[in-house]
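Single-structure report; data block below.
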Amino acid sequence: MATKKQTSITAVAAKLFLICGEDEFRVKAAARQRVDALCPPADQALSLEVIQGLVDNADGAETTLKNCLGALRTPSFLGGRKVVWLQDANFFADTIKGEVLKEARDTFAQELKKGIGDGFALVISAGKVDGRTAFAKVCKESGVVESFEIPEKSYQQEAPAREWAAECFRKAGLRVAGHGMQEFLQRTGYDTRQIVTEVEKLSIYLGDRKEVQSEDIRLLVAPTRESENWDLADHVGLRELPKALTTLRQLLFQGENEVGLIMGLEGRWRELGILRGCLDRGWLKITSSGWKTEAYWQNTPDADEALGSLDKDPRKTHPFRTAKLVEQARKYSAAELQRALAETIAVHERIVSGSSGADTLLELLLLKLLRKSAT
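Numbering-wise, our numbering comes out as the position in the sequence shown, counting from 1, plus 182.
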């Protein structure tokens, strides 16, 4: 979801454009925007040639690449610039294998390296692209590359999704009040297409009103994503008892393993315990400005000795995640976190020993540890 642009020449001078990544919606949108900039919609009937790149096998990919090269040698009907769009290509990663495809891609890369003729431009929109291939290297060296990747870990997806949602609301002329953005993302999930759709719904519903309230979100935005293990850990960390219980029940309904859930809680208590200790000792400070969050670590000899000996040094964690965990660590004292870890481990042992009612044990654990926020 995050955007990474790699350019070796300016977009104005470029004739080769690769727009790729796992975020299908943003790839399609960026490719369409690029094509329209190169060839205005009014001229596309005669000056744009679209070649479908979605194929089933290596032979299909080979034929498609040959057609693409052929299109780059055939002028537009009325002269002037011709734009070729290789659309939705799915054979630049390792999903389709074979010597035939490898040779076809290498030949394609060699032809691109020779340069695209005057009066032509090539736009390629694709899914994931193997950056080690000759094709990817030629695009990076000779063209403009825009990459829209989705972070591998789900917790890493929140920050770029929040930025994307903020951009969508801004373009729609809407402001989100209070904690509305968090509630919005909890319902939409982090899919860019879903975020765009829900913002459009809110914009139509609000009419001339420009401030989005939590009530509007609850009314119009239906929950679309499944809960994940880290959702439970986040609600527990924030001492949000009702949300933690709801998420636990949803996870169990989805078929999540009780042992996996409780191990996730143990890991969270350990993380919070370490950060609580760092805060108490003055080793860590968090500052935020807009969407930018910075973690400032005091690299004292004591901190270096204590944190450097850990299996996972918290100083190497991304500042955004550190800030989220610090917010949770501040909800507990160091003693509470130690007790929470001990009691969670005890429940873990009861579950693996075969005690019946693992779901009930988990609910009772949450009630016991988080009841402070319910009083």
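Every residue, glycine too, gets a C-beta built ideally from N, C-alpha and C.
* **DSSP beta-bridge partners of residue 142** => What the structure shows of the chain is the stretch from 183 to 557, and residue 142 is not part of that stretch, so it cannot be assessed.
*How would you call residue 535, buried or exposed, if buried means at least 16 neighbouring beta carbons within 10 angstroms?*
Indexing the sequence shown from 1 puts residue 535 at position 353. Counting Cβ neighbours within 10 Å, residue 535 comes out exposed, since fewer than 16 surround it.
- Burial state of residue 446 (16 or more Cβ within 10 Å): Locating residue 446 in the sequence shown gives position 264, where the first residue counts as 1. Buried, because 16 or more other Cβ atoms sit within 10 Å of the Cβ of residue 446.
Determine contact between the segment 285-296 and the segment 317-334, defined as no fewer than three beta-carbon pairs at a distance below 8 Å.
-> yes
ask   = Of all the beta strand (DSSP E) runs that stay within the bounds of the segment 230-296, which reach a length of 3 or more residues?
value = 230-234 and 264-271
Using a Cβ-Cβ cutoff of less than 7 Å, which residues in the same chain neighbour residue 244 once the five nearest sequence positions on both sides are dropped?
Here the question's residue 244 lines up with position 62 in the sequence shown. Excluding positions up to five away in sequence, the list reads 282, 283 and 286.
Q.
Considering Cα atoms alone, identify which of 255, 269 and 253 is closest to residue 206.
A. As a first step, residue 206 must be located in the sequence shown, where it is residue number 24. For the residues 255, 269 and 253, the minimum Cα distance to residue 206 belongs to 269.
Whole angstroms is fine: what's the gap from residue 533's alpha carbon to residue 402's? As a working note, residue 533 is residue 351 in the sequence shown. As a working note, residue 402 is residue 220 in the sequence shown. Each residue's alpha carbon lies about 40 Å from the other.
With which residues is residue 148 paired in a DSSP beta bridge? Because residue 148 is not part of the residues shown, which for the chain are 183 to 557, the question remains open.
Exercise for the section: Assuming residue 354 contacts residue 502 (C-beta within less than 8 Å), just tell me the rounded distance between them. Expected result: In the sequence shown, the residue the question calls residue 354 occupies position 172. In the sequence shown, the residue the question calls residue 502 occupies position 320. So it is not a contact: roughly 25 Å between Cβ atoms.
*For the candidate residues 498, 463 and 500, whose alpha-carbon lies nearest to that of residue 483?*
For the purposes of this step, residue 483 is identified with residue 301 of the sequence shown, where counting begins at 1. Of 498, 463 and 500, the residue nearest in Cα terms is 463.
**Message:** Quick check on the DSSP output: what are the complete beta strand (DSSP E) runs of length 3 or more inside the segment 311-348, in order along the chain?
**Reply:** 326-331
- [ ] Can you tell me which of the three DSSP states residue 523 falls into?
- [x] Against the sequence shown, residue 523 aligns to sequence position 341. Residue 523: helix per DSSP, three-state reduction.
Inset, instruction - Could you please give me the residues that DSSP links to residue 305 through a beta bridge? - result: Taking the sequence shown and counting its residues from 1, one reaches residue 305 at position 123. Beta-bridge pairing links residue 305 to 199 and 267.
| said: Can you tell me whether residue 374 is helix, strand or coil according to DSSP? | reply: Stepping through the sequence shown from its first residue, residue 374 is reached at position 192. Residue 374 falls in the helix class under three-state DSSP.
* Using CA coordinates, which residue listed in 422, 304 and 358 is at the minimum distance from residue 394? -> Translated into the one-based positions of the sequence shown, residue 394 becomes position 212. Checked all of 422, 304 and 358; the closest Cα to residue 394 is 358.
Practice problem: Just mark residue 231 as buried or exposed, buried being the case when its beta carbon has 16 or more other beta carbons within 10 Å. | Solution: Working through the sequence shown from its first residue, we reach residue 231 at position 49. Counting Cβ neighbours within 10 Å, residue 231 comes out buried, since at least 16 surround it.
Checklist entry - Should residue 398 go down as buried or exposed, given a rule of 16 or more other Cβ atoms within 10 Å for buried? => result On the sequence shown, position 216 is the one that residue 398 refers to. Classification of residue 398: buried, given that the 10 Å Cβ count is 16 or more.
Mark residue 312 as exposed unless 16 or more other C-beta atoms lie within 10 angstroms of its C-beta, in which case mark it buried. Within the sequence shown, the letter at position 130 stands for residue 312. Residue 312 should be labelled exposed.
- Message: Helix, strand or coil, according to DSSP, for residue 421 in the structure here?
- Response: Position 239 of the sequence shown, counting from 1, holds the residue named residue 421. In this structure, residue 421 counts as coil in the three-state DSSP scheme.
With a threshold of 8 Å, are at least 3 pairs of Cβ atoms found where one atom belongs to the segment 515-523 and the other to the segment 429-439?
no
Expected contact under 8 Å - CB spacing of residue 265 and residue 220 to nearest Å | The residue you call residue 265 lines up with position 83 of the sequence shown. The residue you call residue 220 lines up with position 38 of the sequence shown. About 5 Å separates the two Cβ atoms, so the contact holds.
Handout entry: residue 196 to residue 213 span [Cα, whole Å]
Key = As a working note, residue 196 is residue 14 in the sequence shown. As a working note, residue 213 is residue 31 in the sequence shown. Cα to Cα, residue 196 sits roughly 15 Å from residue 213.
* **Inter-residue Cα distance where the pair is residue 479 and residue 490** => Position 297 of the sequence shown, counting from 1, holds the residue named residue 479. Position 308 of the sequence shown, counting from 1, holds the residue named residue 490. Cα to Cα, the separation comes out at about 13 Å.
Item checked: Distance CB(residue 380)-CB(residue 369) smaller than 9 Å -> In the sequence shown, counting from the first residue as 1, residue 380 sits at position 198. In the sequence shown, counting from the first residue as 1, residue 369 sits at position 187. In this structure, residue 369 lies closer than 9 Å to residue 380 by Cβ.
Report task. Could you spell out where the alpha helix (DSSP H) holding residue 483 opens and where it closes? Result -> One-based indexing of the sequence shown puts residue 483 at position 301. 483-490 is the span of the alpha helix (DSSP H), which, as asked, contains residue 483.
**Prompt:** Which residue from 289, 335, 299 and 331 puts its Cα closest to that of residue 315?
**Reply:** In the sequence shown, residue 315 corresponds to position 133, counting from 1. Nearest option by C-alpha distance: 289.
Grab me the residues of residue 553's own chain with a C-beta within less than 8 Å of its C-beta, minus the 5 sequence neighbours each way, in chain order.
To locate residue 553, count along the sequence shown from 1; it is residue 371. Counting only Cβ-Cβ distances below 8 Å, and skipping sequence neighbours, we find 423.
Whole angstroms are fine: how far does the CA of residue 234 sit from the CA of residue 530? Within the sequence shown, numbered from 1, the residue matching residue 530 stands at position 348. Within the sequence shown, numbered from 1, the residue matching residue 234 stands at position 52. Each residue's alpha carbon lies about 53 Å from the other.
Using only the alpha-carbon positions, how far apart do residue 224 and residue 218 sit? Within the sequence shown, residue 224 is the residue found at index 42, counting from 1. Within the sequence shown, residue 218 is the residue found at index 36, counting from 1. C-alpha separation (whole angstroms): 9 Å.
In this structure, how does DSSP classify residue 221 when only helix, strand and coil are distinguished?
The count along the sequence shown starts at 1 and reaches residue 221 at position 39. In the structure shown, residue 221 sits in coil (DSSP, three-state: anything other than H, G, I, E or B).
From 527, 506, 505 and 512, residue whose alpha carbon lies closest to that of residue 449:
Looking up residue 449 in the sequence shown gives position 267. The candidate whose alpha carbon is nearest that of residue 449 is 527.
Enclosing alpha helix (DSSP H) for residue 542 [first to last residue] = Counting from one through the sequence shown, the residue named residue 542 turns up at place 360. Per DSSP, residue 542 belongs to the alpha helix (DSSP H) from 540-552.
- Task: Can you give me the Cβ contacts of residue 372 inside the same chain, cut-off strictly under 6 Å, excluding the 5 residues immediately before and after it?
- Result: Taking the first residue of the sequence shown as 1, we reach residue 372 at position 190. Excluding residues within five positions, the ones whose Cβ falls inside 6 Å are 339 and 343.
**Study point:** Helix, strand or coil at residue 204 [DSSP, three-state]
**Key:** Numbered from its first residue, the sequence shown carries residue 204 at position 22. Note: residue 204 maps to coil in three-state DSSP.
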